[in-house]
Amino acid sequence: MPIVEWDDAFSVGIEKIDEQHKKFFSIINRVYDTIQVVQNRRIGSILKDLQEYVMHHFLTEESWMKNIRLSESRRFTNCNMKRRREQ
């Protein structure tokens, strides 16, 4: 039985990020299930999976945020160039 379950209320509206958040839920539930069954030999492997996925997720979010900032920066630059031409 899962300790945490995904709910659409958790969605940030970005499919790739939401899918990664769902994977966090899955890994957390695996850790919980493993602890419940007392299979200590698996815990280290699952925690390593969680650590690796956390890094993957944050790199994805960081890349996405940089792209958004770059888009906003380009939009700002284009807006400024348009204003200069109009003057």
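Here the sequence shown is numbered in the numbering used here, starting from 1 and rising by one per residue.
Each residue gets a CB set at the ideal place from its N, CA and C atoms; glycine is no exception.
Bear in mind the structure is a predicted one, so any value in this text is a computation, not a measurement.
Secondary structure of isoleucine 28, DSSP reduced to three states: helix
Rounded C-alpha distance that separates methionine 55 from aspartate 49: 10 Å
Distance CB(valine 31)-CB(isoleucine 46) smaller than 9 Å: yes
9 Å Cβ cutoff met for valine 4 and isoleucine 28: yes
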